[in-house]
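Heads up, the thing below is written out as structure tokens.
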Amino acid sequence: MKRALTPGTFDPVTSGHLDVITRAAQLVDEVVVAVAASPKKNPLFTLEERTELVRQATAHLPNVRVEPFDELLVTFARKMDATVVVKGLRAITDFEYEFQMTAINYQLSPALETLFIMSPPQYMYLSSSVVREVASLHGDLEQFVPPCVKEALERKFAATATNG
Ligand code: COA
């Protein structure tokens with residue numbers, strides 16, 4: 000049984016994340032989407048909300064499950080019995096940061112491999128913060144996020160819509 004982790008903060012999960020998760024699910028027996036607490040990022044959605052949104056967005060993928068975590072990624076990977084981490088790589092700007100994280104994870108746990116899947120052009124510049132920005136200004140979210148996330152964002156920012 001080959002199990003992969005696809006980690007992230009997912010604040011919120013985007014179509015770009017779903018592309019990575021879907022493609023990872025075709026490569027291994029099981030994918031565990033690891034939703035990080037990431038308190039330093041001061042997320043818009045709570046850990047429970049983020050986890051639930053990823054669960055809804057991946058419900059159609061039979062070999063994907065979603066788990067929250069609040070510890071080192073390598074520790075969580077060991078607990079989940081995962082041997083590979085799969086991450087998306089977008090523009091070249093991602094590279095240095097991802098390179099650093101992969102190097103640290105490798106030193107902490109050399110048996111844990113990290114694989115990168117290149118984002119397709121339409122998701123190259125998509126990020127959760129761009130999605131939050133568009134949502135806060137009541138822009139059209141359709142092409143950036145799955146329907147459940149669109150609804151959740153519209154609910155979050157509904158108050159500011161009515162106030163002006
Ligand atoms: N498509 C769209 N957007 C993507 C994407 C993709 N394929 N891949 C990454 N992104 C975006 C995210 O939306 C997010 O956007 P934002 O910063 O504008 O909100 C950004 O890239 C960063 O993604 P995030 O989900 O926060 O992941 P990360 O790369 O910063 O890493 C963890 C998060 C959970 C993997 C990492 O913090 C971690 O491992 N934490 C556990 C603690 C630990 O082990 N630390 C030591 C590691 S060095």
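Mapping the sequence shown onto numbering that gives the first Met the number 0, position 31 (from 1) lands on 30, and the numbers just tick up by one.
Ideal Cβ placement from N, Cα and C applies to all residues, glycine included.
query: Residue(s) in a DSSP beta bridge with Val85; result: Leu114
query: Secondary structure of Ala252, DSSP reduced to three states; result: Because the chain spans 0 through 163 in this model, residue 252 falls outside it and cannot be assessed.
query: Same chain only: Cβ atoms within 6 Å of Pro145, ignoring 5 sequence neighbours per side; result: Ala56
query: Per-residue DSSP class, three states only, for Leu4; result: strand
query: Any non-hydrogen atom of the ligand COA closer than 6 Å to Gly87 Cβ; result: yes
query: Phe94 - partner residues in DSSP beta bridges; result: According to DSSP, Phe94 bridges with nothing at all.
query: Stretch-stretch touch, CB-based, cutoff 8 Å, three pairs: the stretch 58-70 with the stretch 81-95; result: no
query: Buried/exposed call for Pro109, threshold 16 Cβ in 10 Å; result: exposed
query: The ligand COA heavy atom lying under 6 Å from the CB of Pro6; result: yes
query: Cα-Cα separation, Val19 to Ile116; result: 7 Å
query: As assigned by DSSP and simplified to three states, the class of Ala58; result: coil
query: Straight-line gap, Gly163 to Leu43 (C-alpha atoms, nearest Å); result: The predicted position of Gly163 is uncertain, since its pLDDT is 46 and thus under 50; a value taken from the coordinates is nonetheless stated next. Answer to the nearest angstrom: the Cα atoms are 20 Å apart.
query: Of the residues Ser126, Leu125, Glu153, Phe75, the one placed nearest Gly138, counting alpha carbons only; result: Glu153
query: Helix, strand or coil at Gly163 according to DSSP, with G and I counted as helix; result: Bear in mind that the predicted position of Gly163 carries a pLDDT of just 46, short of 50, making it unreliable; the figure below should be weighed with that in mind. Correct three-state label for Gly163: coil.
query: Rounded C-alpha distance that separates Pro119 from Leu72; result: 26 Å
query: Rounded separation between Tyr124 and Ala90 - CA only; result: 7 Å
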